[in-house]
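In UniProt numbering, the protein residues as written are 1 to 397. Right, one structure below, let's go through it.
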Ligand SMILES: Cc1ncc(COP(=O)(O)O)c(C=O)c1O
């Protein structure tokens, strides 16, 4: 029986977490806490055996070519596989020449921030958005300006105004239209078209950070990506394997107009070191080719769906009237807005042993808010954590 069929709630017999400890992984939850902070998969959802098998098949197939410097844009077998996937899923032709392999979206942001912007230039970001991405852009010497958002994402009129007042000083705009981190929002088609119209009028590049694109948990579908709607012109779409196979693989890619891909591929970093994460990209290419990736994705979506439903169900049951929450269609996160000030929410959560992410980490929020992640715990633990939080927060209102 294949590993994928055999496993129940874990990624297989090798998915032990013996080495999940400080000094090896980036962060370890405090003992005894329910950690709803991490924006990544719990150990049992990481496909350890699948990746082991992929490397075992890939190394004999590619031999020495797997261990050499990779072609600067990334190895063709991987770029072809992800381009074909984009064409099939997004409905707009995408070719290998539109793909540049990166060491994840963080690396892609850094490449864009150094290759397509000059220190001191502005980058427009959503008022509430992915915090560590902002840190990468600041490291590039860029000045970040927040643009208003509402329940549908970035507000086109606010974007228009920000671009008008910046008078050509904006290098690019970064936004996450699908399964937004931290709010879970999906930008409707009409809003996507309005945002594209504003960007085209100001001739400003949009960077579509699409880290959660494949995590539609209900299978009800999402509008086409900005990149697809724009026929890839004026949009750079960032993709990553981190949220579906594991962030330790440090593998992602960007999808863009060929001239942008060529410009980025000529940067010293890639000319000197070759493609980011060449060996790993060949291993993942075998999974994209033989269906292993899709089988894993189906399995992962169903596990995440159980976790989303457990957490959302428990929050609505225990915290009705105390918080505002929407059921996200996909991604990893529940965004809770509350009446009590954020420090009060955080202190009460800490006292009851539940770790949450402060809303203010992600920019200005308007209303006090926290982000709860359902990707890092089992459904039963998520339910128990929500009950604990409810008791703690009710005591503060
Ligand atoms: C919206 C968004 N972009 C990018 C990243 C980072 O991706 P990567 O691991 O590929 O660097 C994350 C991870 O949390 C994210 O939520």
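Glycine residues also receive a C-beta, built at the ideal position from the N, C-alpha and C atoms. Owing to the predicted nature of the structure, the values given are computational and were not obtained by experimental measurement.
With a threshold of 16 other CB atoms inside 10 Å of the CB of residue 137, please say whether the residue is buried or exposed.
Buried, since its Cβ has 16 or more Cβ neighbours within 10 Å.
So does the region 363-371 actually touch the region 297-315, counting three or more Cβ pairs closer than 8 Å?
Touching, no, given that fewer than three Cβ pairs across the two stretches are closer than 8 Å.
For residue 83, I'd like the list of residues in its chain whose CB is within less than 6 Å of its CB, leaving aside the five on either flank, ordered along the chain.
Here the set comprises 94, 95, 96 and 99.
Could you tell me whether the region 266-279 touches the region 58-71, where touching means 3 or more Cβ pairs closer than 8 Å?
With the cut-off at 8 Å, the region 266-279 and the region 58-71 touch.
May I have all residues whose beta carbon comes closer than 6 Å to any heavy atom of ligand 1, sorted in chain order?
Chain-ordered list of matching residues: 39, 104, 105, 106, 130, 133, 176, 181, 209, 211, 240, 242, 247 and 252.
Can you find the residues in the same chain that come closer than 6 Å, C-beta to C-beta, to residue 306, ignoring five residues on each side of it along the sequence?
Answer for residue 306: 379, listed in chain order.
Tell whether a beta-carbon distance below 8 Å holds between residue 226 and residue 192.
Yes.
Can you tell me the Cβ-Cβ gap for residue 208 and residue 182, rounded? I've got them flagged as a contact below 8 Å.
Their Cβ separation, rounded to whole angstroms, is 17 Å, which puts residue 208 and residue 182 out of contact at 8 Å.
Name the two residues that bound the continuous beta strand (DSSP E) containing residue 25.
Here residue 25 belongs to no beta strand (DSSP E), and DSSP marks it neither H nor E.
Which of the three DSSP states is assigned to residue 376 in this structure?
Coil, per DSSP.
Among 256, 304 and 213, whose alpha-carbon lies nearest the alpha-carbon of residue 233?
Among 256, 304 and 213, the Cα nearest to that of residue 233 is on 256.
Which value, in whole angstroms, describes the spacing of the CA atoms of residue 116 and residue 171?
Their Cα atoms are separated by approximately 7 Å.
Can you have a look at residue 341 and say buried or exposed, based on whether 16 or more other CB atoms are within 10 angstroms of its CB?
The residue is exposed, with fewer than 16 neighbouring Cβ atoms inside 10 Å.
DSSP three-state call for residue 1: helix, strand or coil?
A caution first: residue 1 carries a pLDDT of 33, below 50, which makes its placement in the model too unreliable to give a value.
Using only CA atoms, which one of 377, 142, 228 and 283 lies nearest to residue 332?
Of the listed residues, the one whose Cα sits closest to residue 332 is 377.
Suppose you measure from the CA of residue 394 to the CA of residue 147; what does that come to, to the nearest Å?
Their Cα atoms are separated by approximately 33 Å.
So, are the CB atoms of residue 414 and residue 123 less than 8 Å apart?
Past the edges of the chain, shown from 1 to 397, lies residue 414, and the structure says nothing about it.
Looking only at DSSP bridge pairs, what is residue 252 linked to?
Looking at the DSSP assignment, residue 252 forms a beta bridge with 102 and 240.
So, helix, strand or coil for residue 179, using DSSP?
If DSSP states are grouped into helix, strand and coil, residue 179 belongs with coil.
Use the C-beta contact count for residue 130: other C-beta atoms within 10 angstroms, 16 or more gives buried, fewer gives exposed.
Buried.
Short of 7 Å in beta carbon distance, which residues of its chain neighbour residue 111, apart from the five on each side in sequence? Order them along the chain.
Within the same chain, residue 111 has close Cβ partners 102, 264 and 267.
Using only the alpha-carbon positions, how far apart do residue 4 and residue 151 sit?
The predicted position of residue 4 is uncertain, since its pLDDT is 39 and thus under 50; a value taken from the coordinates is nonetheless stated next. Between residue 4 and residue 151, the C-alpha separation is close to 37 Å.
Ordered along the chain, which non-local residues of its own chain (more than five positions away) have a Cβ less than 6 Å from that of residue 396?
Closer than 6 Å at Cβ, skipping near neighbours: 340, 344 and 348.
DSSP state of residue 338, grouped into three classes?
Strand at residue 338.
In three-state DSSP terms, what is residue 41?
Three-state result, residue 41: coil.
Does DSSP put residue 330 in a helix, in a strand, or in coil?
In this structure, residue 330 counts as strand in the three-state DSSP scheme.
Is residue 230 closer than 8 Å to residue 205 when the C-beta atoms are compared?
Cβ distance not < 8 Å, so residue 205 and residue 230 don't count as in contact.
Grab the span of the alpha helix (DSSP H) containing residue 298 for me, first residue to last.
Counting along the chain, the alpha helix (DSSP H) containing residue 298 begins and ends at 292-319.
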